[in-house]
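Only one structure is covered here, and it is reproduced in the block below.
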Amino acid sequence: MGEIVKIKLYEPIQLDQIRLDSLYTQLGAVGAETVVCRAMEELAVRMAECDTLWREADHTKLRKHVRSLVAISDQLGMSLLAQSATNVSTALETEDETSVAATLSRMLRIGEWSLSAIWAMEDLSI
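Read in order, the letters of the sequence shown correspond to residues 6 to 131 in my numbering.
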């Protein structure tokens, strides 16, 4: 029997610092932190709901939640999350269950990593 290889699922997360900086410029520190915190909370809730909707096979509601994730993540400069959510939406349109499962799993992983990346930012005092 051969050696067992363990695959580590990880993609480097890069936040669009320019997008975040523009939020701070437009809204000020307090306003931007409020917007970012609310958006992060909404992302976390929506991602959990996406997982539930997938398990319930409610593709109509799942599609709506995924589209909202694209908009929210784009606002926060999470371009990889926005792209992966777009990929889920595309997979839902093709009605390919395997593609939906794979892209949704990737989106949820990237979402968790993206939220962690924002929390880890030193200049975000929450």
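Think of the CB as a built atom: it goes at the ideal place given N, C-alpha and C, for glycine as much as any other residue.
As for any alpha helix (DSSP H) of minimum length 4 sitting wholly inside the region 32-56, there is none.
Here the alpha carbons of Gln31 and Gly7 stand approximately 58 angstroms from one another.
Cβ neighbours of Gln88 within its own chain (closer than 6 angstroms, five residues either side excluded): none. Taking C-beta atoms under 8 angstroms as the contact rule, Arg68 and Ser94 qualify, at a distance of about 6 angstroms. One Cα belongs to Glu38, the other to Leu109, and the distance between them is close to 28 angstroms.
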